[in-house]
Amino acid sequence: ALPILCALFERNVARAHYGQALDVGVRADVVDQSEVETLSRSIMDFKTGSLTALGLTLGGQLAGMSESDCEAMALCGRGIGTALQMFDDIGNLKSRKDPEKSLEDLVNRRLSWVWGFAARAFSRAEYQTFLSCVRALPQQEDLWMFFAEKRFVERATEMARQELSSALELPKTIFADRKSTRLNSSH
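Our numbering puts the first residue of the sequence shown at 4, with every later residue one more than the last.
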């Protein structure tokens with residue numbers, strides 16, 4: 004079992020490092036709007052998704068779950084991790100715990116969920132306005148007015164909730180299907 008656990012650990016930690024490399028290596032403001040959401044989601048999946056998947060899969064392995072059930076748990080973990088990263092990125096817009104971190108993903112042009120959702124939710128013209136507001140930082144007034152007008156934080160948060168809800172439903176669906184199959188084959 005130890006070689007399987009080590010391989011699982013290595014694979015997921017490597018994915019997290021790939022995500023970190025993308026996170027710090029690609030400037031969000033130079034990526035075409037049509038690619039921003041995909042890149043943002045890839046980073047979240049590689050980083051937080053992989054680490055959450057690792058936790059759930061290690062737990063499944065140690066509990067003696069089958070390989071297919073562990074794969075299902077990994078998929079669920081990636082979804083949960085991605086959703087948690089979305090919430091974290093939204094929270095960092097206006098960090099109350101650490102005000103110096105407020106807007107850091109925008110200031111540093113890091114491809115967080117804030118960038119991904121902006122690319123998804125805004126028209127080309129609106130996205131250009133968003134970019135102008137970001138480039139004007141540390142002046143924040145225009146950015147917050149734009150976000151308020153577009154209900155940006157509320158909409159991005161709602162999408163994160165939907166992502167989390169979908170991820171949490173996944174094991175129910177997978178395991179219910181298997182339970183149903185086992186019940187039907189025993190009759």
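For each residue, glycine too, the CB sits at the ideal point set by N, CA and C.
### Query
DSSP state of D35, grouped into three classes?
coil
### Task
Only counting runs of 3 or more residues, tell me where the beta strand (DSSP E) segments fall wholly within the region 73-124, in order along the chain.
none
### Query
Quick one: what does DSSP say V29 is sitting in, helix, strand or coil?
coil
### Query
Would the region 28-48 and the region 57-70 be scored as touching if the rule is three or more Cβ pairs under 8 Å?
Between the region 28-48 and the region 57-70, the count of C-beta pairs closer than 8 Å stays below three; the two stretches do not touch.
### Message
How far does the alpha helix (DSSP H) with A128 in it extend, from its first residue to its last?
### Response
Segment R127 to R138, the alpha helix (DSSP H) holding A128.
### Task
Let me know the secondary structure DSSP gives P174 once reduced to three states.
helix
### Query
Does the Cβ of G28 have 16 or more other Cβ atoms within 10 Å, making it buried, or fewer, making it exposed?
exposed
#### Entry: Helix, strand or coil at Q143 according to DSSP, with G and I counted as helix
Coil.
### Task
Determine the direct distance from the alpha carbon of L42 to that of L171, and round the result to whole angstroms.
Going from the Cα of L171 to the Cα of L42 covers about 23 Å.
### Contacts around S115, its chain only, beta-carbon distance under 6 Å, and the 5 residues preceding and following it disregarded
The residues are D92 and D108.
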